[in-house]
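Trainee:
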Amino acid sequence: MMFRLSPAGSLALAALLSAAPASAQTPTYRVTEITGAAGTVCAATALNDSGMTAGACVAMSSGTLTAASGRKATLNNLGLLPFGHYAVATAVNSLGVTVGDGDAGDWQPRPFVTYEGQLLNIDPQGGANMRAIGIMDNDIIFGSPSPGGSTISGRR
Numbered sequence: 167m168m169f170r171l172s173p174a175g176s177l178a179l180a181a182l183l184s185a186a187p188a189s190a191q192t193p194t195y196r197v198t199e200i201t202g203a204a205g206t207v208c209a210a211t212a213l214n215d216s217g218m219t220a221g222a223c224v225a226m227s228s229g230t231l232t233a234a235s236g237r238k239a240t241l242n243n244l245g246l247l248p249f250g251h252y253a254v255a256t257a258v259n260s261l262g263v264t265v266g267d268g269d270a271g272d273w274q275p276r277p278f279v280t281y282e283g284q285l286l287n288i289d290p291q292g293g294a295n296m297r298a299i300g301i302m303d304n305d306i307i308f309g310s311p312s313p314g315g316s317t318i319s320g321r322r
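Just so we're aligned, residue 167 is where the sequence shown starts under my numbering, counting upward by one.
And the structure:
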């Protein structure tokens with residue numbers, strides 16, 4: 167991932183490096199700019215084989231960090247958990263299901279999965295500071311408590 171500062175000094179883009187077919191033995195790479203809605207600055211944290219990205223966008227007006235995912239080089243806002251202050255998408259499977267973590271009003275990380283266009287809290291009790299790190303195509307979500315510790319897994 168590459169970052170470039172805008173003339174105003176804020177983070178202007180995050181770019182993904184992707185391998186492009188080459189006839190020579192040395193691989194070549196292409197840089198693609200990641201964009202979001204007007205007035206946001208976005209960064210991708212994950213990419214799947216079909217070109218879907220997951221990450222987060224910051225609204226420049228409010229400073230709110232929201233989960234985002236999209237196709238190709240555009241991230242779309244997924245929003246927050248109810249009463250949440252932040253959310254970050256960390257993975258997207260080939261079916262477009264996104265996971266990540268956000269809070270529910272208390273700044274304590276809770277894992278989420280996207281469901282019917284919304285973020286669904288998969289740890290409503292929130293007792294262990296859980297973070298979803300990945301999701302497989304068979305709907306198994308995996309992650310870990312924060313900070314450190316053993317891994318968790320479950321089925322969506």
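Note that CB positions come from ideal geometry on N, CA and C, so glycine has one too.
Taking the continuous beta strand (DSSP E) assigned at Pro311, which residues delimit it?
Mentor: Position 145 of the sequence shown, counting from 1, holds the residue named residue 311. It spans Ile306 to Pro311 - the beta strand (DSSP E) in which Pro311 sits, taken as one unbroken run.
Trainee: Which two residues bound the contiguous beta strand (DSSP E) that contains Thr201?
Mentor: The residue you call residue 201 lines up with position 35 of the sequence shown. Neither: Thr201 is in no beta strand (DSSP E) and is coded neither H nor E.
Trainee: Applying the criterion that 16 or more other CB atoms from any shown protein chain within 10 Å of the CB defines a buried residue, is Ala253 buried or exposed?
Mentor: In the sequence shown, the residue the question calls residue 253 occupies position 87. Buried, because 16 or more other Cβ atoms sit within 10 Å of the Cβ of Ala253.
Trainee: At 3 residues or longer, what runs of the beta strand (DSSP E) sit wholly inside the segment 226–285?
Mentor: Segments of the beta strand (DSSP E) lying fully in the segment 226–285: 231–237, 242–245, 253–258, 264–268 and 276–281.
Trainee: Tell me which same chain residues have a C-beta within less than 7 Å of the C-beta of Asp289, skipping the five on either side of it?
Mentor: Walking along the sequence shown from the start, residue 289 turns up at place 123. Correct list, in chain order: Arg276, Pro277 and Met296.
Trainee: In the structure shown, what three-state DSSP assignment does Gly217 receive?
Mentor: Residue 217 sits at position 51 when you count from the first residue of the sequence shown. The answer is coil: DSSP assigns Gly217 none of H, G, I, E or B.
Trainee: Using CA atoms only, rank isn't needed, just tell me which of Ala270, Asn287 and Ala257 is closest to Met302.
Mentor: Residue mapping note: residue 302 aligns to position 136 of the sequence shown, counting from 1. Checked all of Ala270, Asn287 and Ala257; the closest Cα to Met302 is Ala257.
Trainee: Considering just the uninterrupted stretch of the beta strand (DSSP E) at Met296, what are its terminal residues?
Mentor: Counted from its first residue, the sequence shown places residue 296 at position 130. Here the beta strand (DSSP E) through Met296 covers Met296 to Ile301.
Trainee: Thr194 by DSSP, collapsed to three states: which one?
Mentor: In the sequence shown, the residue the question calls residue 194 occupies position 28. The answer is strand: DSSP assigns Thr194 an E or B state.
Trainee: Given this structure, state the Cα-to-Cα distance separating Thr192 from Asp215, to the nearest angstrom.
Mentor: Here residue 192 refers to the residue found at position 26 of the sequence shown. Here residue 215 refers to the residue found at position 49 of the sequence shown. Their Cα atoms are separated by approximately 21 Å.
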